Each structure stands twice: as structure tokens, then as C-alpha cells.
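Quick note on numbering: my numbering labels position 417 of the sequence shown as 452, and the sequence is numbered without any gaps.
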Amino acid sequence: MLKKLDIRNFTLIDHLEMMLYPGFSVITGETGAGKSIVIGAIGLLLGNRADAKQVKRGCDKCIIEATFDLSIYHSDVLKGFFEENDLDYEPEECLLRREVNANGKSRAFINDTPVPLTKMRELGEQLVDIHSQHQNLLLQKEDFQLSVVDIIAHDEKQKKAYLDEYKNYKKAKQQLEDLKAEIAKNRENEEFMRFQFKELDDANLQEGELEQLEQEAETLSHSEDIKTALYEADNALSGEDGSILDKLKNAAQQIDNIKEVYPDVKEVAERMQSSYIELKDIAQEISGSVDNVEFDPNRLETINSRLDQLYSLQQKFHVENVEELIATRERINEQLQHIDNGDEDIEEQEKQVALLLAKAEKLAGELTAIRTKSARKIEEEMKKRLIPLGIPNVRFEISFSAKPLSSDGVDKVNFLFSANKSTLLQPVSQVASGGEIARVMLSLKAMISGAVKLPTIIFDEIDTGVSGKIAEKMAEIMTEMGNLNRQVISITHLPQIASMGTHHYKVLKEETEEGTLSHMKELNEQQRIEEIAQMLSGSDITPAALANAKELLNKHKQHK
């Protein structure tokens with residue numbers, strides 16, 4: 036429920052701060068006084084597009100702020116929204132704020148936390164429903180009509196189950212199309228692919244082979260240098276003329292001879308003995324390597340030939356190493372397998388698609404049955420609501436026709452309407468007058484509000500095209516909606532509706548030195564009488580109009 040509205044520097048509004056209440060409230064004011072401005076400000080809190088022109092001239096930015104009380108609804112969905120988006124959940128003081136700068140950029144906040152506009156819109160849709168005159172055009176849209184049926188049917192679980200199966204079917208169908216396209220493409224290139232596979236398969240590719248061959252080729256190419264270095268090292272370590280090993284062995288023996296009489300060298304003696312053993316081992320390895328290194332031109336030629344083959348294949352298949360060549364070979368082989376088994380693979384996938392289609396169609400049929408039952412309920416409810424609204428011979432039917440399987444099922448829904456017994460039923464948007472469409476939409480909204488538990492509903496001149504007793508009946512419906520733990524606000528130009536509000540607000544326009552400014556204030560008892568009297572008689576308030584206004588207000592007090 037909307038508790039408080041605070042608007043600053045928004046178009047013609049300098050500063051407007053209003054407290055709002057549960058039940059049915061009304062807003063009145065002369066044409067052009069700024070009622071639509073208030074609706075526009077609330078619309079920004081619901082995620083509507085911002086415009087630099089909305090900032091009051093001469094100001095840096097405008098701020099629209101609203102405080103909501105969510106506690107009376109005990110909504111797990113609302114609480115879940117705050118938890119999922121890591122927002123503070125303050126049910127009694129939920130604050131939405133929108134700031135629009137003079138350059139047109141805007142920011143959105145929920146409980147003082149910056150949020151993307153999409154998140155503000157997502158929350159706003161659960162808090163406020165603004166029904167303006169252009170929303171009557173929704174009656175021309177099939178998806179709106181179907182959504183009404185679904186809302187009254189409470190078929191969320193069935194819709195989700197169907198949608199999940201429909202997505203599975205669509206995914207499998209796309210996989211089938213992709214498989215067919217791939218097989219067809221591969222068959223066009225089959226001969227070339229088989230040539231490529233044979234070339235790679237005949238190459239007998241081995242992981243790690245390239246690096247091993249490159250190292251061996253490097254060694255063979257420098258065999259003379261390697262052999263010379265090894266020979267010199269071997270001669271230095273263990274040659275016949277004063278080798279390092281002989282000298283180290285002699286030195287170690289000398290130190291070992293004195294370790295008993297000079298204990299300080301015991302550790303040195305051990306280290307020298309250890310070094311001698313290690314160096315002797317190194318010398319043996321080097322000596323063995325001298326004999327192992329030989330220049331083999333035939334082997335080098337064989338290696339270079341193999342390397343050329345591998346390099347050529349890498350370049351040809353646009354890869355970086357042998358492992359990628361092996362992966363390419365396996366991929367081509369898999370494609371060839373698809374070609375060989377293509378018909379069987381397609382047949383298997385077609386069976387899967389048919390199975391999923393049957394499941395989706397079954398669930399779509401169940402959804403249709405639920406919707407059809409809901410439609411009969413809506414028809415009866417609409418007749419009950421529209422007859423007191425001045426359409427005694429109303430006929431309202433919901434027709435179903437089949438459409439191709441889609442994300443919302445197979446049902447094409449059309450609201451059919453006739454105000455007279457003799458008139459054929461036709462789509463409501465084509466045959467209903469403006470006043471009749473307003474009454475149809477109000478009746479639908481009344482049903483929907485009860486089904487989805489919308490906290491706040493704002494009707495922006497839904498009474499267009501009606502007057503007198505009919506307006507009074509419409510006001511009774513809005514009062515009834517407000518009494519069902521709802522907040523209903525109606526912007527109206529009819530005294531019959533204005534007199535029914537528990538709270539009455541007036542929007543006024545004032546000419547100042549700074550220009551035209553709009554204000555809104557809550558009217559007391561005497562101000563209400565004068566406002567309603569003015570609505571009855573025009574600018575010159577007559578005693579008869581005042582008496583009539585008092586009578587209207589007293590009548591509705593008794594009615595409540």
C-alpha cells in the first residue's frame with residue numbers, strides 16, 4: 036500500500052508531499068491542473084522512461100519518492116524479491132526513489148540502495164497498477180485477454196509445467212534441424228573429408244612426438260660440438276695427466292689422515308669424501324655420453340623429413356601442434372560417422388522430438404481445459420458486474436480457437452461482447468462504445484485485483500463516457516475493491532465517484548512569479564462539499580449544488 040508520496044521539482048510541481056491511506060480514495064481537479072503529472076511521477080517509480088523535460092525549469096534534478104507498507108500483505112513473493120536482490124527488507128517502510136537529472140540521466144533506489152531500472156520496474160509491477168485510458172486498448176490484444184483468463188484460472192503451475200516441456204521440445208527440434216543441416220553439409224564435402232581423414236590417419240600421429248623429434252634433430256645437428264665438449268670434460272675429470280678426480284682423492288686422503296688429531300676437519304673430511312663420490316659418478320656419466328654421441332646423417336634426414344610432414348599438416352589444417360591435429364582427425368572421423376549413420380541419427384532424433392511434442396501437446400490440452408473452465412467463470416462474473424453498470428442485456432463470451440504450439444499454449448482467446456439481444460457477438464474492442472469499454476475494463480480489473488492481490492490500483496479517469504447512476508455503480512465497485520484489503524485511487528471528474536471516496540484529494544494550479552505551479556491537498560469535510568458542488572454546477576457554486584453535494588456525501592456515508 037502506498038503510504039506517502041513526495042515529489043520535488045517535477046514539471047509543474049515544486050514540492051508535493053501527501054499521505055495516502057487504505058480503501059478507496061479520489062483525486063479531482065480542473066482539466067490541466069496537473070492530475071496527469073502526479074500519475075507521471077508515480078509512473079517513474081514503476082520504471083517508466085525518464086525525460087529531461089520532466090525536471091522543473093531551473094532545477095538540477097527532480098526526485099520522486101514513495102513509501103510503501105508491505106506488511107499487511109504477507110507476500111512471500113515480495114520478500115523473495117528482496118532476498119534474491121540482496122536488498123534490505125523493511126515491509127512497513129519500503130522506500131522507492133527515482134532521481135532524474137536535467138541532462139536526462141536517472142537513478143533508481145530501493146531502500147536507499149541503487150538498483151537497475153529493470154529491478155525497480157519488477158518490484159513496481161507488484162506494488163501498483165495504474166489503469167489509464169490508453170490501457171483500454173489492451174482489449175485489442177490477444178495476450179492481454181489470455182492473461183486475464185490465466186490470472187482467474189490460477190494456472191501458474193500448469194503454465195510452468197507446459198512451458199518447461201515446450202522448451203524441451205523446441206530445443207530438441209532445433210537439434211534435429213542442426214543435425215540435418217550438418218549431415219547435409221558434410222555429405223556435400225564427404226569426398227574431401229575422407230581424403231583429409233586418410234591423410235591424417237596415415238600420418239600415424241603421436242602425442243609429444245613433435246617436441247621429441249625437434250630435440251633429437253637439434254642434438255644431431257650439433258653432435259661434433261657436443262662430443263668435443265664431453266671429451267674435454269671427461270679428460271679434465273678423469274684423464275691420466277693430473278685429473279681433477281685424482282687431485283680431489285689425494286686431498287681428501289690428506290684431510291682424512293689428520294682428522295683424529297685435528298677433529299675440526301672431521302666434517303670437512305666427510306664433505307670431501309662425499310664430493311669425490313658425486314664427482315666420480317658425474318665423470319662416469321660424461322664418459323658414457325662421449326661414446327653415445329655420434330653424427331648420423333641418415334637419422335637426421337629421417338627426422339627432418341618427419342618434421343616437414345608434421346609442419347605441413349599443421350599449416351594445412353591451421354593448428355598449432357600435433358595434439359590439435361589429432362583432435363581434427365577425431366572430429367572429421369565423427370562427422371564421417373554421422374554421414375554413415377546419418378539416417379539412423381535423424382530417425383532417432385525425430386523420435387525424441389515426437390515424444391516431447393506429444394508431452395507438450397498433452398500439457399497444452401490440460402491448460403486449455405483449465406482455461407475453458409476459467410472462461411465460463413469469467414463470463415458469468417462479467418454479466419453480474421456489467422448488468423448493474425447499465426448494460427442489462429449484455430452478452431459476454433470468451434471464444435477459444437486453436438493456434439500453433441507456442442510458449443503460452445495453443446489457445447487463441449477473444450473476448451466477445453454485445454450490449455443488445457439483437458446484436459451479434461463481436462470482439463469487444465470493435466463494438467463496445469468508450470463508456471462500455473470503461474465498464475468492461477473496470478469489471479475485469481475488479482476480478483483481477485482479487486486474484487493477484489495487487490496492493491494499490493490507480494484508475495486514471497476510467498469513468499470517461501459514463502455519468503449518473505452508472506458512475507455511482509462504478510464507484511461502488513471501486514469501494515468494494517478498496518474494502519478487500521486494497522488501496523484504490525481514482526482520478527475522476529464525476530461528483531458521483533468523488534463523493535464515494537474515504538479520502539479526497541484535489542490538484543490545483545497556481546500562477547506565481549516563477550510560473551505555473553501544481554499542488555495537491557487533502558480536502559476536509561467543508562472543502563469536499565464545495566469541490567463536489569463545483570463539479571455539479573460549474574464555477575458558480577449554487578445553494579442547490581451545495582445541498583446536492585451534502586446529500587451525496589451523507590448518502591455514501593450511510594452506505595459505508
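In this text, a Cβ means the ideal position worked out from N, Cα and C, and glycines have one as well.
These numbers were taken from a predicted model, which means no experiment stands behind them.
Start and end residues, alpha helix (DSSP H) containing residue i
i: ASN285; result: 279-293
i: GLU507; result: 503-518
i: ARG229; result: 225-237
i: TYR266; result: 258-273
i: ILE72; result: 70-80
i: LYS488; result: Looking at the DSSP string, LYS488 is not in any alpha helix (DSSP H), and its letter there is neither H nor E.
i: ILE564; result: 560-572
Under the three-state DSSP convention, the category residue i falls into
i: ALA4; result: Outside the shown range of the chain, which is 36 to 595, sits residue 4, and nothing can be said about it.
i: TYR311; result: helix
i: PRO427; result: coil
i: ILE48; result: strand
i: ASN136; result: strand
i: ASP343; result: helix
i: HIS373; result: helix
i: VAL296; result: coil
i: ARG334; result: helix
i: LEU55; result: coil
i: MET555; result: strand
i: GLY469; result: helix
i: ASP178; result: helix
i: GLU382; result: helix
i: PRO578; result: helix
i: HIS353; result: coil
i: ARG92; result: coil
i: ASN327; result: helix
i: LEU240; result: coil
i: GLY550; result: strand
Residue i, enclosing beta strand (DSSP E) - first and last residue
i: SER441; result: 430-441
i: PHE116; result: PHE116 -> not in any beta strand (DSSP E); alpha helix (DSSP H) instead, spanning 111-119.
i: LYS456; result: First-last for LYS456: undefined, no H or E at that position.
i: GLU496; result: From DSSP, GLU496 is part of no beta strand (DSSP E); its letter is neither H nor E.
i: ILE99; result: 96-103
i: ILE422; result: Careful: ILE422 lies outside any beta strand (DSSP E) and carries neither H nor E.
Of the residues the options, the one placed nearest residue i, counting alpha carbons only
i: GLN344; options: LEU245, ASP299, PRO126 and GLY400; result: LEU245
i: GLN89; options: LEU122, GLU118, GLY58 and VAL135; result: VAL135
i: GLU305; options: SER484, ASP291 and ASP213; result: ASP291
i: LEU198; options: ASN428, SER441 and PRO57; result: SER441
i: LEU105; options: ILE99, VAL183 and GLN522; result: GLN522
i: ASN589; options: ILE567, GLU157 and ASN368; result: ILE567
i: ILE433; options: GLU127, ASP185 and LEU79; result: ASP185
i: GLU549; options: ASN44, ILE367, VAL183 and GLN319; result: ASN44
i: GLU251; options: GLU336, LYS215 and ASN270; result: GLU336
i: ILE493; options: VAL354, LYS39 and ILE77; result: ILE77
i: LEU162; options: LEU81, ALA399 and GLN461; result: LEU81
i: GLU527; options: SER167, THR403 and ALA85; result: In the sequence under discussion, the amino acid at residue 527 is Thr, which differs from the Glu named in the question. Minimum Cα distance to THR527 is reached at SER167.
i: SER574; options: GLY64, PRO462 and GLN372; result: GLY64
i: ALA219; options: ASN376, LYS541 and LYS386; result: ASN376
i: ILE72; options: SER60, LEU51, VAL61 and TYR56; result: LEU51
i: ILE145; options: LEU130, LEU402 and GLU157; result: LEU130
i: ARG157; options: THR577, LEU79 and SER484; result: Arg is not the amino acid found at residue 157; the sequence shown has Glu there. For GLU157, the nearest C-alpha among the options comes from LEU79.
i: MET570; options: GLN531, GLU560, LEU558 and MET555; result: GLN531
i: GLN561; options: TYR540, GLU545, ASP269 and ARG92; result: TYR540
i: SER60; options: LEU37, TYR297 and ILE42; result: LEU37
i: LYS488; options: MET53, LEU348, LEU113 and ILE74; result: LEU113
i: LEU558; options: VAL542, THR547, GLY69 and ILE505; result: VAL542
Cut-off 7 Å between Cβ atoms - residues of its own chain near residue i, not counting five sequence neighbours on either side
i: ASP316; result: none
i: THR407; result: PHE435
i: LEU479; result: VAL183
i: THR363; result: LEU235, PHE352 and VAL354
i: ASP443; result: LEU181
i: LEU248; result: ILE338, ARG341 and LEU342
i: GLU496; result: GLN168, ILE526, THR527 and HIS528
Spatial neighbours of residue i in its chain, beta-carbon cut-off 6 Å, leaving aside the 5 residues before and after
i: GLY139; result: ALA87
i: GLY58; result: GLY517 and THR537
i: GLN180; result: VAL448 and PHE450
i: SER453; result: ARG430 and LEU460
Own chain, CB closer than 8 Å to residue i, minus 5 neighbours either side, in chain order
i: GLU177; result: LYS447, VAL448 and ASN449
i: TYR311; result: LEU280, LEU283, LYS284 and ALA287
i: ALA238; result: GLN344, LEU345, LEU348 and LEU360
Contact with chain C by residue i, beta-carbon distance below 8 Å
i: VAL501; result: Among the protein chains of the structure shown there is no chain C, as only one such chain exists.
Any non-hydrogen atom of the ligand PLP within 7 Å of residue i CB
i: GLN175; result: Of the ligands one can find in the structure shown there are none, so the ligand PLP has no counterpart to examine.
Check your understanding: Which whole runs of the alpha helix (DSSP H) in the stretch 516-546 are 4 residues long or more, in chain order?
Key -> For the stretch 516-546, whole alpha helix (DSSP H) runs of length 4 or above, ordered along the chain, are 530-533.
**Study point:** Within the stretch 123-167, ranges of the beta strand (DSSP E) (whole runs, at least 3 residues)
**Key:** If we require 3 residues or more, the beta strand (DSSP E) runs fully inside the stretch 123-167 come out as 129-136, 141-145, 148-150 and 163-166.
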